[in-house]
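Numbering (our numbering), first residue to last: 525 to 857.
Encoded as structure tokens, the structure appears first; notes follow it.
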């Protein structure tokens, strides 16, 4: 796995989103701990006046929330520091200046002409699922998207950390929203001071909206992983033209009820193992355990160029579609 990402084009202003995220996490942690947990732990309250049931729940909530927060921050740091992966240097298999071996079959995705895909900016042949990022100025292995919130691309080597980041962020916001309700209610009933009440209401409101956004975003990435797709493949490559008669494009299911599927889809379990690692015990930890190099990917034997004998006329260029149509699937959502 590549080491920490060396960036020769560091621009200090682009670190502002990272500082904003860290400030938000710290602020939400402070609100939860100072305005919710500590009052429920009842420090300084005489022993005979302590509600031990409330204190016990406060300890559990405090411990659970801090564990999730630590995992969130660890995943965030790994997202930022881990290089997403690039085309190997000085490797004749990928050097565009080298004459490719006609019998070489190290990639599945080719142009319509049958030539290998290449990057005109990097001067290299592209591995499968590789894209050039104009922000990072390099080709990224299994590029998902460029994320300004981590000042990095999300690619093969740090997608697991990104997936865990949005998962733990959604969990932290949901946890805050549901457990802080009692403190918000108590603040209004007991007529607390304005500032603590404002912090509680502000935290409750912010976590409500963030919970919806992050949970939806995480659910989307669960779906992507289960189908072995990246965001780029979904947004840009899931458009299929209805044959060659000039008709418009469609998404997901076309007019002939043909579903668009990824050629790298090898079943939900194997798809998750390809992203989170082979050992399920390490899936939820920001630890790299994916046994691959990001240059080649499993397939289920799906034909990348369907046979003309079947009467199909689909584009063979996976750089333009990266998905295949499975005529046998007529199910409609």
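All residues carry an ideal CB built from backbone N, CA and C; glycine is no exception.
Please read these numbers as outputs of a predicted model, since none were measured by experiment.
- No residue range can be given for residue 607, since it is assigned to no beta strand (DSSP E) and is classified by DSSP as neither H nor E.
- Residue 745 and residue 662 have their C-alpha atoms some 24 Å from each other.
- Where residue 749 is concerned, the enclosing alpha helix (DSSP H) starts and stops at 718-750.
- Within its own chain, the residues whose Cβ lies closer than 7 Å to the Cβ of residue 631, once the five positions on either side in sequence are excluded, are 640, 651, 652, listed in chain order.
- Each residue's CA atom was taken as its position, placing residue 727 and residue 648 some 49 Å apart.
- Distances from the alpha-carbon of residue 720 to those of 548, 542, 561, 543 put 561 closest.
- If the five residues before and after residue 666 are omitted, its C-beta is found closer than 6 Å to the C-beta atoms of 653, 679, 680, 818, all from its own chain and listed in chain order.
- The straight-line gap separating the alpha-carbon atoms of residue 555 and residue 582 is approximately 14 Å.
- When beta bridges are read from the DSSP output, residue 658 appears opposite no residue.
- Sequence-distant Cβ neighbours of residue 693 in its own chain, meaning closer than 7 Å and more than five residues away, are 596, 738.
- Around the Cβ of residue 798, a 10 Å sphere holds 16 or more other Cβ atoms; the residue is buried.
- Distance from the CA of residue 548 to the CA of residue 718, rounded to the nearest whole angstrom, comes to 21 Å.
- Taken through DSSP and simplified to helix, strand or coil, residue 648 comes out as strand.
- Taking all protein chains in view, the Cβ of residue 793 is surrounded by fewer than 16 other Cβ atoms within 10 Å, so the residue is classified as exposed.
- Between the beta-carbon of residue 742 and that of residue 674 there is about 16 Å, and that puts the pair past the 8 Å contact cut.
- It is roughly 52 Å from the alpha-carbon of residue 537 to the alpha-carbon of residue 573.
- Apart from the 5 residues on each side of it in sequence, residue 815 sits with its Cβ closer than 7 Å to the Cβ of 802 in its chain, given in chain order.
- In the three-state reduction of the DSSP assignment, residue 590 falls in the helix class, which pools H, G and I.
- A distance below 8 Å separates the beta carbons of residue 559 and residue 723.
- A distance below 6 Å between beta-carbons, with the five flanking residues on each side excluded, links residue 704 to the following residues of its chain, in chain order: 560, 728.
- Residue 606 is a Cβ neighbour of residue 685, given a cutoff of 8 Å.
- The alpha carbon of residue 700 has as its nearest neighbour, out of 732, 806, 683, 619, the alpha carbon of 732.
- Here residue 740 is exposed. Its C-beta has fewer than 16 other C-beta atoms within 10 Å.
- The criterion of a C-beta distance shorter than 8 Å is not satisfied by residue 668 and residue 604.
- Annotated three-state conformation of residue 634 is strand, per DSSP.
- One Cα belongs to residue 567, the other to residue 579, and the distance between them is close to 9 Å.
- Sequence-distant Cβ neighbours of residue 672 in its own chain, meaning closer than 8 Å and more than five residues away, are 538, 541.
- Scanning its chain for C-beta atoms nearer than 8 Å, with the 5 sequence neighbours on each side dropped, one finds around residue 592 the residues 692, 695, 696, 699, in chain order.
- With distances taken between CA atoms, residue 598 lies nearest to 688 out of 790, 787, 688, 629.
- Contact between residue 677 and residue 608 holds: their C-beta atoms lie close to 5 Å from each other, under 8 Å.
- Per DSSP, the continuous alpha helix (DSSP H) segment holding residue 713 begins and ends at 705-713.
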